[in-house]
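Shown next, in structure tokens, is the structure this report addresses.
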Amino acid sequence: DAGITQSPRYKITETGRQVTLMCHQTWSHSYMFWYRQDLGHGLRLIYYSAAADITDKGEVPDGYVVSRSKTENFPLTLESATRSQTSVYFCASSEGMGLAVGEQFFGPGTRLTVL
Amino acid sequence: AQKVTQAQTEISVVEKEDVTLDCVYETRDTTYYLFWYKQPPSGELVFLIRRNSFDEQNEISGRYSWNFQKSTSSFNFTITASQVVDSAVYFCALSPPSSASKIIFGSGTRLSIRP
Chain A
1374 DAGITQSPRY KITETGRQVT LMCHQTWSHS YMFWYRQDLG HGLRLIYYSA
1424 AADITDKGEV PDGYVVSRSK TENFPLTLES ATRSQTSVYF CASSEGMGLA
1474 VGEQFFGPGT RLTVL
Chain B
8 AQKVTQAQTE ISVVEKEDVT LDCVYETRDT TYYLFWYKQP PSGELVFLIR
58 RNSFDEQNEI SGRYSWNFQK STSSFNFTIT ASQVVDSAVY FCALSPPSSA
108 SKIIFGSGTR LSIRP
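Keeping their order, the protein sequence lines are chains A and B. In terms of the working numbering, the first sequence is residues 1374 to 1488. In terms of the working numbering, the second sequence is residues 8 to 122.
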């Protein structure tokens, strides 16, 4: 399917476990992003990537790891999940240049619960 | 530091009423972009508009209009003749053009339109 997809859509895990959230986009956008959405905080940027093999920290990177070996994929890993990482996670992509600056396309989100 | 404030946490109006969502931002950049995104109950985020800081003209798109005032650092969003389908959480956001990744989102305003 065309667009941006996330998997799984829902995940329940336990404290201390490793969890990987997947993100895939079919537009060949250069930029990809991971956000978390928590009540009262809006969306906060966790990590972003400007291109394959180029990643950088956002506002709240602690406890998360990303990689981008291929342009279309941008997985987010919680190495040792904590309850504070219970959240809705959104992946987004963007051309990120010129007139496309800021026009990010979002995936449907992954609701993660850490028990 | 950059910051976006949406002081209205929740707004509820009756269908066909006009409603304005407030957005106030802080930035030291002389050039920047402002955005509005919509998050309907289904959860996905939808890009609505981007405004360059050099362009203070108001914009109208159907029942939606945006009022950008640099003097008060505000970028307010008005829905005219609201409809139930307008019910959503609306996010205002800000980014410097030099870094397409650094979108700072406000905490959002939940708009409920009652029939």
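Every residue, glycine too, gets a C-beta built ideally from N, C-alpha and C.
Thinking C-beta only, is isoleucine 111 of chain B closer than 8 Å to valine 26 of chain B? no
By the criterion of Cβ-Cβ separation under 8 Å, what are the contact partners of histidine 1414 of chain A in chain B? Under the 8 Å cutoff, chain B gives Ser114.
Nearest to threonine 1486 of chain A (by Cα), restricted to the options A:Ala1454, A:Gln1477, A:Phe1463: A:Ala1454
Since I believe phenylalanine 1478 of chain A is in contact with isoleucine 1377 of chain A (beta carbons under 8 Å), could you give me their beta-carbon distance rounded to a whole number of angstroms? Rounded, the Cβ-Cβ distance is 6 Å, consistent with contact.
With which residues is arginine 1456 of chain A paired in a DSSP beta bridge? DSSP, once it has assigned bridges, lists no residue as partnering arginine 1456 of chain A.
Could you check which residue in A:Tyr1404, A:Asp1426, A:Val1439 has the C-alpha nearest to that of isoleucine 1419 of chain A? A:Val1439
Could you tell me which residues DSSP pairs with threonine 1433 of chain A in its beta bridges? One detail in the question is off: residue 1433 of chain A reads as valine in this sequence, not threonine. Partner(s): none; valine 1433 of chain A has no beta bridge.
Determine the closest residue to glutamate 33 of chain B out of B:Glu24, B:Gln9, B:Ser119, B:Trp43, with distance taken between C-alpha atoms. B:Gln9
By the three-class DSSP mapping on this structure, what secondary structure does threonine 85 of chain B have? strand
Within chain B, partners of glutamate 1476 of chain A - CB distance below 9 Å: Phe42, Phe54, Arg57
Going by DSSP in three states, serine 119 of chain B sits in which element: helix, strand or coil? strand
Cβ neighbours of proline 122 of chain B in the same chain (closer than 7 Å, five flanking residues each side left out): Glu22, Val91
Arginine 1409 of chain A versus valine 1461 of chain A - alpha carbon distance: 6 Å
Backbone secondary structure at lysine 1443 of chain A - three-state DSSP: coil
Glutamine 103 of chain B: buried (16+ other C-beta within 10 angstroms of its C-beta) or exposed? The residue asked about is misnamed: residue 103 of chain B is proline in this sequence, not glutamine. By the neighbour-count rule (16 or more Cβ atoms within 10 Å), proline 103 of chain B is buried.
Nearest to asparagine 1446 of chain A by CA position, among A:Arg1456, A:Glu1432, A:Thr1428, is which residue? Checking every option, the nearest Cα to that of asparagine 1446 of chain A belongs to A:Thr1428.
In whole angstroms, give me the CA-to-CA distance for serine 19 of chain B and lysine 45 of chain B. Roughly 16 Å between the two C-alpha positions.
Short CB-CB distance (under 8 Å) between glycine 1482 of chain A and chain B: yes
Just list the residues that DSSP pairs glutamine 76 of chain B with in beta bridges. B:Ser81
In chain B, what lies closer than 7 Å to phenylalanine 1463 of chain A by C-beta? What phenylalanine 1463 of chain A touches in chain B: Leu52.
In angstroms, rounded to a whole number, what distance separates the CA positions of aspartate 1435 of chain A and glutamate 17 of chain B? 30 Å
Within the 8 Å Cβ cut-off, does phenylalanine 1479 of chain A reach chain B? yes
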